[in-house]
Amino acid sequence: MKSSPPALSGIPESSASSLEGRCCIECAHDLRGITTKTCPECGRPFNPDDPRTTGTIGTNRYRRWLIGTSVLLYYASWLALLSSFVYSAIGGNWILLFLLAIASVPFILLQFILLALPLQEIAWRRRLVGFLVPLVSLSICVTNWPVAVSLRMHRTAMAKIADRVANGEVISGPTRVGIFRFRQIRMSRGKDRVGFQLNGGAGGGMFVVRTPPGFVPEFSNWRTGFPLGSNHRNIWDNTNWTQNLGDGWFLVEQD
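Each residue of the sequence shown is one higher than the last, beginning at 0 in numbering that gives the first Met the number 0.
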């Protein structure tokens with residue numbers, strides 16, 4: 000005699016068939032074959048005999064795709080935040096960061112829309128983090144603040160090197176100071192400024208410039224508009240933009 004299949008643990012056999020084609024109304028997880036009255040994906044309880052506590056797979060497929068996209072963008076925003084922070088902190092190219100900010104705006108707007116929609120029950124802390132992380136990442140790309148913080152932490156060691164160069168010492172080849180690897184350290188042509196080259200080549204790049212005591216930066220008669228920097232005519236050789244780091248130190252891009 001052929002035996003009948005055993006009933007699902009926690010869910011009577013008579014109720015198990017009602018889960019065919021049903022999914023969780025919270026995360027749209029397929030409930031076919033589930034042995035308990037709790038969604039294994041999000042933990043939401045349901046009653047297999049009450050269709051109001053479950054959803055139809057066909058009508059929730061699009062909703063599940065949106066939830067998956069929201070989760071993907073959430074973790075991608077964390078990756079972008081960490082990557083941009085590290086890249087900025089070690090003196091990466093500010094132009095690349097700014098271009099990254101422009102390219103990420105559509106994805107950030109999509110993430111904000113998905114977080115605002117009542118697609119799923121999310122703890123308010125996680126929802127708040129989902130809004131804040133992209134904004135912090137954008138602030139890094141636009142203002143380049145991590146490199147300003149890390150340069151301030153290395154300022155004492157850099158000041159000692161700048162004093163040696165200002166007194167006539169010639170430093171040839173790359174020089175490492177903490178997490179920074181400067182391609183060259185030299186005086187400005189015909190001026191008493193000392194520049195530490197972060198990136199670029201012989202024709203230009205980003206420099207950290209120490210100016211002499213009492214130096215007053217002179218604004219150009221036009222603003223670069225990139226990104227939040229201003230152009231000063233008397234800091235370094237042929238600069239496109241400058242960022243005031245405080246205490247006579249500037250981050251500049253030489254063209």
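Cβ coordinates follow ideal geometry from the N, Cα and C atoms, glycine included.
{"Query": "Is the CB-CB distance between Asp251 and Trp235 below 7 Å?", "Result": "In the sequence under discussion, the amino acid at residue 251 is Val, which differs from the Asp named in the question. Yes, the pair counts as a contact, with Cβ atoms nearer than the cut-off."}
{"Query": "Does the structure place the stretch 95-102 close enough to the stretch 144-164 that three or more beta carbon pairs sit under 8 Å?", "Result": "no"}
{"Query": "From the DSSP output, in three-state form, read off Trp235 for me.", "Result": "coil"}
{"Query": "Answer with buried or exposed for Tyr86, where buried requires no fewer than 16 other C-beta atoms within 10 angstroms of its C-beta.", "Result": "buried"}
{"Query": "Given a cut-off of 7 Å on the beta-carbon distance, is the pair Val176 and Ala156 in contact?", "Result": "yes"}
{"Query": "Could you tell me if Val193 is buried or exposed, where buried requires 16 or more neighbouring beta carbons within 10 angstroms of its beta carbon?", "Result": "buried"}
{"Query": "Can the beta-carbon of Pro47 be found less than 7 Å from the beta-carbon of Leu18?", "Result": "yes"}
{"Query": "Does the contact criterion of 3 or more C-beta pairs under 8 Å hold for the stretch 131-140 versus the stretch 66-85?", "Result": "yes"}
{"Query": "Among Asn237, Cys26, Thr210, Leu134, whose alpha-carbon lies nearest the alpha-carbon of Trp248?", "Result": "Thr210"}
{"Query": "How is Pro226 classed by DSSP in three states: helix, strand or coil?", "Result": "Note that Pro226 scores a pLDDT of 48, beneath 50, so its modelled location is shaky; the value from the coordinates is reported in the next line. Pro226: coil per DSSP, three-state reduction."}
{"Query": "With DSSP collapsed to three states, give me the class of Cys140.", "Result": "helix"}
{"Query": "Have a look at Trp123 and Asn237 and give me their C-alpha separation to the nearest angstrom.", "Result": "50 Å"}
{"Query": "Helix, strand or coil for Ala30? Go by DSSP, reduced to three states.", "Result": "It is Leu, not Ala, that sits at residue 30 in the sequence shown. Correct three-state label for Leu30: coil."}
{"Query": "Among Thr53, Thr35, Leu109, which residue has its Cα nearest to the Cα of Ala27?", "Result": "Thr53"}
{"Query": "Is it buried or exposed, Val169, if we count other Cβ atoms within 10 angstroms and call 16 or more buried?", "Result": "exposed"}
{"Query": "Can you tell me the Cβ-Cβ gap for Thr186 and Val208, rounded? I've got them flagged as a contact below 8 Å.", "Result": "Looking at the sequence shown, residue 186 is not Thr but Met. About 10 Å; that fails the 8 Å criterion."}
{"Query": "Any chance the CB of His28 is under 6 Å from a heavy atom of the ligand NAP?", "Result": "Of ligands this structure carries none, so the ligand NAP is not represented either."}
{"Query": "Can you tell me the Cα-Cα spacing of Gln253 and Lys190, whole angstroms?", "Result": "15 Å"}
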